[in-house]
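Just so you know, we're using our numbering here: the sequence shown kicks off at 25 and counts up by one. Cβ atoms here follow ideal geometry from the backbone N, Cα and C, with glycine treated the same way. Report on one structure; see the data block that follows.
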Amino acid sequence: MAEVDFKQANENYAASFGDNGKLSIPPSKHLAVVTCMDARLNPEQFLGLNLGEAHVIRNAGGLAKESLRSIIISQRLLGTRDVIVIHHSDCGMLTFSDEQLRSKIINAHPGDSDVSEAVNDLQFGPFPDLDKSVKDDVAFLKNHPLVLKEGKITGWVYEVETGKIRQVA
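Structure, rendered in structure tokens:
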């Protein structure tokens, strides 16, 4: 594993930080972005967002259900209205089932009943159909009673092969 000098990287970042410490807490574009934690995605860059303009909520697969707590805080306390859900091509969530991952974890800890019990309580949220997963997440948010109805909720797919996005919901 390559060692990264985080301290030096931060020194370089801080040297050109400028007035960023004066940005307001609420995002200026009143936007929340839900997307995947995949290291190949740089949502601020591919959406043309600057620091302070949007909340970017990331998790494995960019799942709306897992992001719900953050969306509620973003909307109810920090003034966001619009939500965009972005899943992506070549996502790891397309490659397994809950049962496959559970078995892998249990097999790595043979005889450990605590691990077996804990992993059986988890839903990892894999999905076999990329566009459908985006549409399902958008529908989930639009129908959730705690998500505000004043803004737009849209769904997109980011193509890791080209850097382009396409709207699916």
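Distance between D161 and E123, taken at the CA atoms: about 22 Å. For I130, no beta strand (DSSP E) run applies; the uninterrupted alpha helix (DSSP H) run containing it begins and ends at D122 to A132, by DSSP. A Cβ-Cβ separation of about 14 Å leaves F164 out of contact with A56 under the 8 Å criterion.
L55 sits in a strand when the DSSP states are folded into three classes. When DSSP states are grouped into helix, strand and coil, N74 belongs to the coil group.
Put simply, the backbone Cα of L92 is about 20 Å away from that of E68. Contact between T119 and H54 does not hold, since their C-beta atoms are separated by about 35 Å, which reaches or exceeds 8 Å.
Excluding its 5 nearest sequence neighbours in each direction, V192 has C-beta neighbours in its own chain below 7 Å: D155, V158, K159, G179, W180 and V181, listed in chain order. The DSSP-derived three-state label of R93 is helix. In this chain, the alpha helix (DSSP H) harbouring Q32 covers F30 to A39.
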